[in-house]
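Down below is the structure, laid out as structure tokens.
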Amino acid sequence: MHYYIWTLGCQMNTADSQLLASELEKHGHHATENWEDADIWVINTCVVRQSAEDKAYGRLYQLHALKQRDPSRIIGLMGCLVGVRDPLRLRQKLPFVDVFMPPSDPRPLLTFLADRGAEAEALAADAVARAHRDALQDEDDIASGDLVLPVHERNSLVSAHVPVVYGCSFACTYCIIPFRRGVERSRPVGEIVAHVRSLARQGVREITLLGQIVDRYGKDIPDGPDLSDLLHIVHDVAEEEGVARIRFLTSHPNWMTDRLLDTVAALPRVMPHIEVPNQAGDDEVLARMKRGYTAEDYRRLIARIRERIPGVAIHTDIIVGFPGETEAQFQRTYDLLAELRLDKAHIAKYSPRPGTVSARRMIDDVPPEEKERRRKALDDLQSQIVAEINARSLGATVPVLFEDRHRDKWRGRTPQNKLVFVESDRDLRGRVEDVQITWTGPWSMQGRLLSDVLATASGDTITLAVTR
Ligand code: 5AD
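Under numbering that gives the first Met the number 0, the first residue of the sequence shown is numbered 0, with each subsequent residue one higher.
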């Protein structure tokens with residue numbers, strides 16, 4: 000059978016969709032790039048804010064209408080809208096959904112398909128699926144613990160995500176994620192290494208290790224490795240398998256040890272890029288969010304990261320309009336961002352989420368227009384800061400890992416994860432090339448391949464020599 004997955008929300012969902020795709024591939028189904036052709040439709044959902052949840056329902060009702068015309072289509076709902084507990088109410092509300100899958104767990108769909116005999120049916124009826132399955136089985140390096148990419152991504156996907164710790168056991172008062180993704184569980188090293196290795200063998204050149212709080216990796220395994228140990232292990236695998244770059248996200252300020260930062264600085268394939276949410280710059284708001292640090296702690300952390308990792312880029316998340324946030328408190332967040340000059344800030348308007356402490360015990364009293372004003376003020380500030388930071392790269396030469404073509408240009412990223420566009424007729428996918436930056440803006444930069452610059456320069460010399 001053909002499947003199509005819509006992935007909403009965070010990178011963890013991207014990774015979960017990849018795991019689901021891998022399991023479906025192993026069972027003889029294959030991806031289609033054209034969703035109308037799919038027999039199986041899966042929406043991998045996000046509920047971090049109401050707007051994300053609305054998107055999931057929008058897509059779902061569109062698919063429902065199509066399924067009414069063609070009841071043979073299978074609709075699967077995955078991710079944080081479903082959650083880790085049996086979604087009884089959701090089952091009643093959405094009787095047309097065939098399968099509900101918790102985050103990171105493709106098994107319900109596999110069971111559903113097996114019960115229908117769909118795998119045998121798919122393999123018998125579909126020569127492409129059969130050939131594909133045989134090809135997979137022939138490759139002795141594909142083991143059951145490997146991650147298998149859909150055909151169209153094999154030897155073409157450059158950057159992939161690998162979860163290392165699932166769930167979250169913290170209780171930030173605004174956050175619904177612990178309720179939907181369950182308690183913190185670190186994955187065994189062997190499982191992580193198998194995924195990294197198999198992705199590398201299918202052409203992936205950059206791996207991002209994921210966790211809701213990635214720097215908590217291993218804390219739930221007695222005497223287990225921590226994130227720093229894991230980075231060393233993954234770095235060895237990367238060297239063996241030709242993975243050029245390793246990143247990890249998202250970090251929590253309270254778990255960023257010096258040992259971890261020094262590991263990032265010491266390992267050449269681990270990129271100087273840290274994502275560490277601040278959420279607010281006011282201590283009283285931070286306390287009511289239950290973040291466990293003060294603005295001064297965060298300020299000191301940023302200084303420590305910059306001291307230990309030369310050239311580091313730091314990304315943050317901010318929530319504006321948290322219940323009770325006064326103008327003066329918002330101003331402290333604004334001032335902190337202005338002072339710290341970070342490389343990226345993802346700014347969200349507070350959205351009350353059912354079941355969370357802030358939704359149950361606090362009043363969502365900042366009016367929508369005021370939330371929007373605060374969001375825009377921070378956005379404007381941050382774009383100005385990033386434009387200035389990026390402008391410092393003008394004329395510099397930076398190594399860029401190229402991912403894909405976008406319109407008539409190649410698109411890639413610097414070690415600091417900044418987007419760079421370059422014109423070239425060569426196939427740059429998956430290559431790391433030196434690029435001279437010729438233009439910078441807040442969201443991206445443009446440049447020329449250094450090899451092209453040098454070729455033109457030596458061409459000029461030849462011309463000169465000839466004319467002289
Ligand atoms: N409202 C708005 N933003 C939220 N986030 C998490 N929960 C909420 C909420 N209820 C933001 C945080 C987090 C990011 C992934 O989403 O900034 O870091």
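Even glycine gets a Cβ: it sits at the ideal position worked out from N, Cα and C.
For residue i, the first and last residue of its enclosing beta strand (DSSP E)
i    : result
Q278 : It is not in any beta strand (DSSP E) - Q278 carries neither H nor E in the DSSP assignment.
Y165 : S158 to Y165
L226 : Run containing L226: none in the beta strand (DSSP E); it sits in the alpha helix (DSSP H), L226 to E240.
L448 : M444 to L448
A113 : First-last for A113: R106 to D114, but that is the alpha helix (DSSP H), not the beta strand (DSSP E).
Q435 : V431 to T439
K417 : No beta strand (DSSP E) contains K417, which DSSP labels as neither H nor E.
The alpha helix (DSSP H) enclosing residue i, as first and last residue numbers
i    : result
S21  : Q10 to K25
L335 : E326 to L339
E52  : Q49 to R68
D261 : D257 to A265
Y3   : Per DSSP, Y3 belongs to no alpha helix (DSSP H); it is in the beta strand (DSSP E), H1 to T6.
P179 : Looking at the sequence provided, one finds Arg at residue 179 rather than Pro. Counting along the chain, the alpha helix (DSSP H) containing R179 begins and ends at I176 to R180.
E371 : P367 to A390
I301 : A294 to R307
I191 : V188 to R200
A344 : Here A344 belongs to no alpha helix (DSSP H); instead the beta strand (DSSP E) covers K343 to K348.
Exposed unless 16 or more other CB atoms sit within 10 angstroms - verdict on residue i
i    : result
R88  : exposed
P252 : buried
D407 : exposed
D139 : In this prediction, D139 scores a pLDDT of 48, lower than 50, which makes its location untrustworthy; no coordinate-derived value is stated.
H160 : buried
E205 : buried
A294 : buried
C174 : buried
I362 : exposed
L393 : exposed
A37  : buried
T455 : exposed
Y60  : exposed
L248 : buried
T110 : exposed
V69  : For the record, residue 69 in the displayed sequence is Asp; it is not Val. So D69 ends up on the exposed side.
Presumed contact (8 Å Cβ cut-off) between residue i and residue j, rounded CB distance
i    : j    : result
T315 : V275 : 6 Å
E432 : V399 : 6 Å
A390 : T439 : 5 Å
V242 : V195 : 7 Å
Exercise for the section: Name all residues in chain order for which at least one heavy atom of ligand 1 lies closer than 6 Å to the residue's CB. Expected result: V47, R48, Y173, C174, P276, Q278, D316, I318, A347, Y349, S350 and R352
Exercise for the section: Pair every Cβ in the segment 215-223 with every Cβ in the segment 261-276, then say whether three or more of these pairs are closer than 8 Å. Expected result: no
Practice task
Would you check if the segment 194-209 and the segment 380-395 touch, i.e. whether three or more CB-CB distances between them fall below 8 Å?
Solution key: no
Exercise for the section: Pair every Cβ in the segment 71-90 with every Cβ in the segment 28-46, then say whether three or more of these pairs are closer than 8 Å. Expected result: yes
Problem - the segment 322-335 / the segment 271-286 touching (three or more Cβ pairs under 8 Å) - result: yes
Handout entry: Inter-stretch contact (C-beta, 8 Å, three-pair minimum) for the segment 20-33 and the segment 89-104
Key = no
Problem - Sufficient close CB pairs (3 or more, under 8 Å) joining the segment 14-28 to the segment 170-185 - result: no
Handout entry: the segment 294-310 touching the segment 346-360, judged by at least three CB pairs closer than 8 Å
Key = no
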